[in-house]
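Undergrad: Shown below is the structure under consideration.
So, in structure tokens, the structure goes:
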């Protein structure tokens, strides 16, 4: 599988948020966009999420009594054995600490 190279990054430190990663003023925005797109496309391909408008979500939540678990993007710069930037990696993760079911299991 091909991955997004980190060789062209001007900053070796990953952005702290999706907003910063994709800021059009950032010289690294294109690299982080490609990395995020790679992750997003992989999740979509595996059919592990459902995208819906805010209106659709409200209707679904009202009818089902269920709520979505929020997610966020996490960015990392993978390095080779010599510490050189190798890959710009993005992960879309769920915030399990926001899931009421997960909290009740810990009780």
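In my numbering, the protein residues as written are 195 to 301.
Positions of the beta carbon are idealized from the N, C-alpha and C atoms, including for glycine.
Keep in mind it's a predicted model, so treat the numbers as computed, not measured.
#1: Using the C-alpha atoms, what's the distance from residue 231 back to residue 240?
#2: What does the alpha-carbon distance come out to for the pair residue 250 and residue 278?
#3: Taking its Cβ as the centre, do 16 or more other Cβ atoms sit within 10 Å of residue 207, making it buried, or is it exposed?
#4: Nearest-angstrom Cα distance between residue 288 and residue 245?
#5: Note the first and the last residue of the continuous beta strand (DSSP E) segment covering residue 223.
#6: Could you pull out every residue in the same chain whose Cβ sits closer than 6 Å to the Cβ of residue 270, ignoring the five residues on either side in sequence?
TA: To lay it out plainly:
#1: 14 Å
#2: 45 Å
#3: exposed
#4: 14 Å
#5: Per DSSP, residue 223 belongs to no beta strand (DSSP E); it is in the alpha helix (DSSP H), 223 to 239.
#6: 208, 283
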